[in-house]
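Each remark here refers to the structure printed beneath this line.
Protein chains: 2
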Amino acid sequence: MRDDDTDTPAANLAVRPSAGQAATKADKADKPRRKASIRASNESHLLACAEAVFAERGFEGASTALIAERAGLPKANLHYYFPTKLALYWRVLDDLFEEWNAAADTFDASSDPVAAIGGYVRAKMELSRRRPLGSKVWANEIISGATHMQDILLKRVKPWMESRVTLIERWIAEGLLAPVEPKTLLFMIWATTQHYADFEAQIRALAGKRALSAASFEATTEEVVKMILRASGARSPNA
Amino acid sequence: MRDDDTDTPAANLAVRPSAGQAATKADKADKPRRKASIRASNESHLLACAEAVFAERGFEGASTALIAERAGLPKANLHYYFPTKLALYWRVLDDLFEEWNAAADTFDASSDPVAAIGGYVRAKMELSRRRPLGSKVWANEIISGATHMQDILLKRVKPWMESRVTLIERWIAEGLLAPVEPKTLLFMIWATTQHYADFEAQIRALAGKRALSAASFEATTEEVVKMILRASGARSPNA
DNA sequence: GTCTATAAGCAGATAGAC
DNA sequence: GTCTATCTGCTTATAGAC
Numbered sequence: 001m002r003d004d005d006t007d008t009p010a011a012n013l014a015v016r017p018s019a020g021q022a023a024t025k026a027d028k029a030d031k032p033r034r035k036a037s038i039r040a041s042n043e044s045h046l047l048a049c050a051e052a053v054f055a056e057r058g059f060e061g062a063s064t065a066l067i068a069e070r071a072g073l074p075k076a077n078l079h080y081y082f083p084t085k086l087a088l089y090w091r092v093l094d095d096l097f098e099e100w101n102a103a104a105d106t107f108d109a110s111s112d113p114v115a116a117i118g119g120y121v122r123a124k125m126e127l128s129r130r131r132p133l134g135s136k137v138w139a140n141e142i143i144s145g146a147t148h149m150q151d152i153l154l155k156r157v158k159p160w161m162e163s164r165v166t167l168i169e170r171w172i173a174e175g176l177l178a179p180v181e182p183k184t185l186l187f188m189i190w191a192t193t194q195h196y197a198d199f200e201a202q203i204r205a206l207a208g209k210r211a212l213s214a215a216s217f218e219a220t221t222e223e224v225v226k227m228i229l230r231a232s233g234a235r236s237p238n239a
Numbered sequence: 001m002r003d004d005d006t007d008t009p010a011a012n013l014a015v016r017p018s019a020g021q022a023a024t025k026a027d028k029a030d031k032p033r034r035k036a037s038i039r040a041s042n043e044s045h046l047l048a049c050a051e052a053v054f055a056e057r058g059f060e061g062a063s064t065a066l067i068a069e070r071a072g073l074p075k076a077n078l079h080y081y082f083p084t085k086l087a088l089y090w091r092v093l094d095d096l097f098e099e100w101n102a103a104a105d106t107f108d109a110s111s112d113p114v115a116a117i118g119g120y121v122r123a124k125m126e127l128s129r130r131r132p133l134g135s136k137v138w139a140n141e142i143i144s145g146a147t148h149m150q151d152i153l154l155k156r157v158k159p160w161m162e163s164r165v166t167l168i169e170r171w172i173a174e175g176l177l178a179p180v181e182p183k184t185l186l187f188m189i190w191a192t193t194q195h196y197a198d199f200e201a202q203i204r205a206l207a208g209k210r211a212l213s214a215a216s217f218e219a220t221t222e223e224v225v226k227m228i229l230r231a232s233g234a235r236s237p238n239a
């Protein structure tokens with residue numbers, strides 16, 4: 001079995017489900033179905049490990065050797081599944097955008113800004129809690145100039161933002177929101193919620209490990225929701 | 001004044017005043033004074049270029065070769081002034097903390113939370129505008145696990161934060177602030193203001209270049225101040 | 001599909017002439 | 001103080017046996 005091989009520096013060894021190591025002479029007789037599932041399993045495992053390494057070291061700082069080592073695979077296998085480091089990185093970014101997009105849907109065109117904004121803030125906080133590494137990869141990419149995300153930003157994020165700007169302006173006109181600059185409000189929501197993922201290490205150092213525990217995180221989420229709603233001056237239409 | 005410094009993170013290239021190449025045989029006859037100023041000039045120029053490269057590529061992704069090239073110096077000279085890449089990085093982080101610290105002072109123990117919080121938000125926004133590369137280096141360092149900043153965070157930032165938490169709690173007790181979680185408020189201020197430096201590339205892509213122009217930035221600053229003050233429920237004691 | 005071995009080049013850092 | 005040349009080891013990526 002590969003996990004027992006002497007050639008994998010064992011330090012942060014990844015205990016994978018099982019697939020991949022099963023390579024024996026029997027493989028040639030395997031059905032395509034089986035092969036496809038090996039591919040899917042190895043790919044997603046590599047993607048998860050890549051996300052962690054890109055989060056810790058940025059694109060340039062990450063090495064395919066380290067990613068492969070974390071995945072418990074030889075480096076050559078990584079290049080078998082992803083031809084280049086950049087191709088792997090793009091797949092990670094694509095995955096992240098899909099999650100971002102799912103959270104974005106919660107900011108719906110409801111007539112109640114309290115529900116829409118509150119729901120969106122909760123979804124973004126939950127995403128920060130559930131996938132902090134992904135948030136860090138995104139942050140790293142933007143900090144480095146967003147070279148590989150121009151397409152996503154311009155074709156996917158920008159249209160979404162513009163539709164929400166219109167929505168926010170309507171709420172303001174209806175007196176359901178204070179006269180805020182819509183983009184400033186959106187940036188504040190992004191910045192504040194993503195801070196709990198991206199600046200995890202700082203929060204841990206300053207506020208202690210407890211600050212990021214499940215119960216505490218939930219309380220913080222409600223606190224953030226309250227503060228954002230107050231900042232935006234949102235009120236429910238029937239209140 | 002800081003604003004007039006020539007060595008502020010001067011984007012890319014590297015047209016230095018002159019020092020460095022001026023090395024001729026006359027050097028040996030130069031006074032110590034002259035040598036010291038060459039050292040100071042080269043050091044600060046290298047620090048500025050290092051800040052830019054660390055911001056763009058993170059610590060691991062940055063190369064001393066690129067930093068030296070930006071500075072217009074051979075790589076060996078960089079190692080003459082800074083023995084290791086890590087030593088150079090530490091100097092950059094130290095410099096950044098000093099700036100952070102200066103801005104932190106504006107959050108004074110005034111009896112008026114509107115003035116104290118508003119002033120602090122403005123100082124942080126101004127820092128994001130004036131030194132975005134520095135903010136990016138800080139962000140990168142934290143995202144990567146804050147390995148090299150534990151000391152600064154624990155010995156300098158944490159005591160500051162705790163004193164402000166006490167202050168905020170006093171304002172709340174005096175009814176000058178809504179009953180907010182003090183740390184959540186501080187994190188929101190940091191996240192929102194630093195977003196304008198760290199996520200510059202995203203803002204540029206989504207809101208256009210104009211969004212970061214001087215006039216627009218000033219308007220955004222006041223918008224952010226208003227929103228933070230509303231989020232915290234601050235009111236002046238004599239109002 | 002897996003993995004060893006290796007190519008070709010770039011990294012951090014240093015030696016030593018000037 | 002400056003700079004060319006170089007050491008050592010790590011980088012991405014590939015070749016080719018199994």
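Chains as they are written, first to last, in this note's numbering: chain V, 1 to 239; chain D, 1 to 239.
Here a beta-carbon is modelled for each residue, glycine too, at the ideal position from N, C-alpha and C.
Note that the structure is a prediction, hence the values are computed from the model and not measured.
Nonlocal neighbours in the same chain, by C-beta distance under 8 Å from residue i, ignoring five residues either side
{"i": "D/Arg165", "result": "Correcting the residue type first, residue 165 of chain D is Val in the shown sequence and not Arg. Only Pro182, Lys183 and Leu186 meet the Cβ criterion."}
{"i": "V/Leu47", "result": "Leu88, Arg91, Val92 and Asp95"}
Candidates the options, of which the one nearest residue i by Cα
{"i": "V/Glu51", "options": "V/Gly134, V/Arg129, V/Ala76 and V/Ala103", "result": "V/Gly134"}
{"i": "V/Arg235", "options": "V/Leu212, V/Glu218 and V/Leu176", "result": "V/Leu176"}
{"i": "D/Ser144", "options": "V/Leu167, V/Ala197 and V/Tyr80", "result": "V/Ala197"}
{"i": "V/Val180", "options": "D/Ala76, D/Ser111, D/Lys226 and D/Pro83", "result": "D/Lys226"}
{"i": "D/Val157", "options": "V/Ile168, V/Glu162, V/Gln202 and V/Trp90", "result": "V/Gln202"}
{"i": "V/Ala173", "options": "V/Phe97, V/Ile152, V/Ser111 and V/Ile67", "result": "V/Ser111"}
{"i": "D/Ala36", "options": "D/Lys75, D/Ala65, D/Tyr81 and D/Ile67", "result": "D/Tyr81"}
{"i": "D/Asn238", "options": "D/Val224, D/Ala115, D/Ala68 and D/Ala76", "result": "D/Ala115"}
{"i": "D/Ser41", "options": "D/Glu56, D/Gly72, D/Ala65 and D/Val53", "result": "D/Gly72"}
{"i": "V/Ala205", "options": "D/Ala146, D/Ala109, D/Ala139 and D/Arg204", "result": "D/Ala146"}
{"i": "V/Asn140", "options": "D/Arg57, D/Ile228, D/Ala231 and D/Pro74", "result": "D/Arg57"}
{"i": "V/Ala109", "options": "V/Lys209, V/Ser163, V/Ile38 and V/Leu212", "result": "V/Ser163"}
{"i": "V/Lys85", "options": "V/Arg230, V/Ser63, V/Ser213 and V/Thr106", "result": "V/Ser63"}
{"i": "V/His195", "options": "D/Asn101, D/Ile142, D/Arg33 and D/Ala123", "result": "D/Ile142"}
{"i": "V/Ile117", "options": "V/Ala207, V/Arg39, V/Met188 and V/Leu66", "result": "V/Met188"}
{"i": "V/His79", "options": "V/Lys209, V/Lys155 and V/Glu43", "result": "V/Glu43"}
{"i": "D/Ile228", "options": "D/Met149, D/Thr106, D/Ala215 and D/Gly119", "result": "D/Gly119"}
Collapsed DSSP secondary structure at residue i in the structure displayed
{"i": "V/Val180", "result": "coil"}
{"i": "D/Glu99", "result": "helix"}
{"i": "V/Phe199", "result": "coil"}
{"i": "V/Leu73", "result": "coil"}
{"i": "V/Ser213", "result": "coil"}
{"i": "D/Asp94", "result": "helix"}
{"i": "V/Phe54", "result": "helix"}
{"i": "V/Asp151", "result": "helix"}
{"i": "V/Pro113", "result": "helix"}
{"i": "D/Pro159", "result": "helix"}
{"i": "D/Ser128", "result": "helix"}
{"i": "D/Gly175", "result": "coil"}
{"i": "D/Gly118", "result": "helix"}
{"i": "D/Arg235", "result": "coil"}
{"i": "D/Ser41", "result": "helix"}
{"i": "D/Phe59", "result": "helix"}
{"i": "D/Asp208", "result": "Sequence inspection shows Gly at residue 208 of chain D; the Asp mentioned does not correspond to that position. Here D/Gly208 sits in coil by DSSP."}
{"i": "D/Gly145", "result": "coil"}
{"i": "D/Thr221", "result": "helix"}
Contacts around residue i, its chain only, beta-carbon distance under 6 Å, and the 5 residues preceding and following it disregarded
{"i": "V/Pro113", "result": "Trp171, Leu176, Leu177 and Ala234"}
{"i": "D/Arg129", "result": "Phe217"}
{"i": "D/Ile168", "result": "Pro182"}
{"i": "D/Phe97", "result": "Ile152"}
{"i": "D/Ala29", "result": "At D/Ala29 the pLDDT is 45, less than 50, meaning the model places this residue with poor confidence; the figure from the coordinates comes in the next sentence. Excluding positions up to five away in sequence, the list is empty."}
{"i": "D/Lys155", "result": "none"}
Cβ-Cβ separation, residue j to residue i (assumed contact under 8 Å), whole Å
{"i": "V/Ala104", "j": "V/Trp160", "result": "6 Å"}
{"i": "V/Phe59", "j": "D/Gly61", "result": "7 Å"}
{"i": "V/Val121", "j": "V/Thr193", "result": "6 Å"}
{"i": "V/Val137", "j": "V/Ala55", "result": "5 Å"}
{"i": "V/Ala231", "j": "D/Arg34", "result": "Contact flag wrong, Cβ pair sits at about 55 Å."}
beta-carbon residue i near the ligand PLP non-hydrogen atom, thresh 6 Å
{"i": "V/Ala219", "result": "Looking at this structure, you won't find the ligand PLP or any other ligand, since it has none at all."}
Beta-carbon proximity list for residue i, same chain, < 7 Å, skipping 5 on both sides
{"i": "D/Glu99", "result": "Leu127, Arg131 and Gly134"}
{"i": "D/Met125", "result": "Thr193, Tyr196, Thr221 and Val224"}
{"i": "V/Lys75", "result": "Thr64, Ala65 and Ala68"}
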